[in-house]
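For reference, the structure is listed below as structure tokens.
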Amino acid sequence: MLESENCSIRYLMREMDPSEEIEFEREMMEDENLLIEVESLRKTYQKMGKLPLMDPPEELSNNVSKSAIAAQQKELRKNKQWMFLLTKSVAAAAILLMVVSTGLYFYNGTPAVQEASQTNIATEANVVEPWVDRNNVIMFVGTSVQPNNDQSLQSDVDESFSKLTLVNSETGIAPSSRKIVLTSSSN
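Taking my numbering, I'd label the letters of the sequence shown as residues 11 to 197.
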């Protein structure tokens with residue numbers, strides 16, 4: 011079918027955008043043959059609208075249905091093959107990525123990597139960092155004097171508490187559950 015016939019049919023069926031429709035009408039005003047073609051198609055379309063509707067023969071309907079089903083099954087098989095190949099390629103890429111990343115993780119063949127790891131081990135062995143809570147604050151509940159402690163243990167406890175500085179006076183609701191907040195001193 012020629013482009014002008016296709017445009018003529020789209021014009022008659024009202025399938026054009028308004029801007030395309032205006033452009034096509036301008037072309038019809040300039041080209042008399044196009045105008046004649048559109049008018050003859052319009053008359054044919056009107057005559058076809060007056061024809062009675064008839065049901066197609068059952069054999070024709072069955073043949074069309076079978077052809078459509080066969081075409082659809084062919085497309086489904088084709089899509090399944092593509093999905094199978096796509097799934098295999100994604101799995102292969104994932105395995106390859108995993109093998110490469112594992113190899114890089116365990117590979118220590120270069121002298122620079124070995125030297126850096128030995129340096130890190132040496133510095134980690136010499137430096138021991140004490141545990142410090144996030145706010146550098148110790149919440150203390152109760153008293154440092156214990157009645158059952160012997161003299162040496164009590165002197166160690168008193169010495170460790172002497173290094174702490176009081177942050178605020180007392181916190182708590184009742185005198186029996188008094189809390190003291192301490193932090194390390196800068197001395």
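Just so you know, even glycine gets a beta-carbon here, dropped at the ideal spot from N, CA and C.
By how many angstroms is the C-alpha of residue 113 removed from the C-alpha of residue 106?
Taking the sequence shown and counting its residues from 1, one reaches residue 106 at position 96. Taking the sequence shown and counting its residues from 1, one reaches residue 113 at position 103. Cα-Cα distance, rounded: 11 Å.
Enclosing alpha helix (DSSP H) for residue 42 [first to last residue]:
Taking the first residue of the sequence shown as position 1, residue 42 is located at position 32. Note, residue 42: alpha helix (DSSP H), 42-59.
Quick one: Cα of residue 67 to Cα of residue 75, how far?
The residue given as residue 67 occupies position 57 in the sequence shown. The residue given as residue 75 occupies position 65 in the sequence shown. So the alpha carbons of these two residues sit roughly 13 Å apart.
Can we say the region 55-64 touches the region 83-92, given the rule of at least three CB pairs closer than 8 Å?
no
Return the chain-ordered list of same chain residues with a C-beta closer than 7 Å to the C-beta of residue 26, the five sequence neighbours on each side being excluded.
Translated into positions along the sequence shown, residue 26 becomes position 16. Around residue 26: 20 and 34.
Return the Cβ separation of residue 29 and residue 51 in integer angstroms, given the expectation that the two are a contact with Cβ distance under 8 Å.
Taking the sequence shown and counting its residues from 1, one reaches residue 29 at position 19. Taking the sequence shown and counting its residues from 1, one reaches residue 51 at position 41. With 8 Å as the limit, residue 29 and residue 51 do not qualify as a contact, their Cβ atoms being about 22 Å apart.
Report buried or exposed for residue 39, applying the criterion of at least 16 other Cβ atoms within 10 angstroms of its Cβ.
For the purposes of this step, residue 39 is taken as the residue at position 29 of the sequence shown. Classification for residue 39: exposed.
Starting from residue 87, trace the alpha helix (DSSP H) in both directions and tell me its first and last residue.
Translated into the one-based positions of the sequence shown, residue 87 becomes position 77. Residues 68-116.
Using three-state DSSP, classify residue 168 as helix, strand or coil.
For the purposes of this step, residue 168 is taken as residue 158 along the sequence shown, with counting starting at 1. It is helical.
Residue 46: which of 170, 15, 173 and 62 sits nearest, CA to CA?
Taking the first residue of the sequence shown as position 1, residue 46 is located at position 36. Of 170, 15, 173 and 62, the residue nearest in Cα terms is 15.
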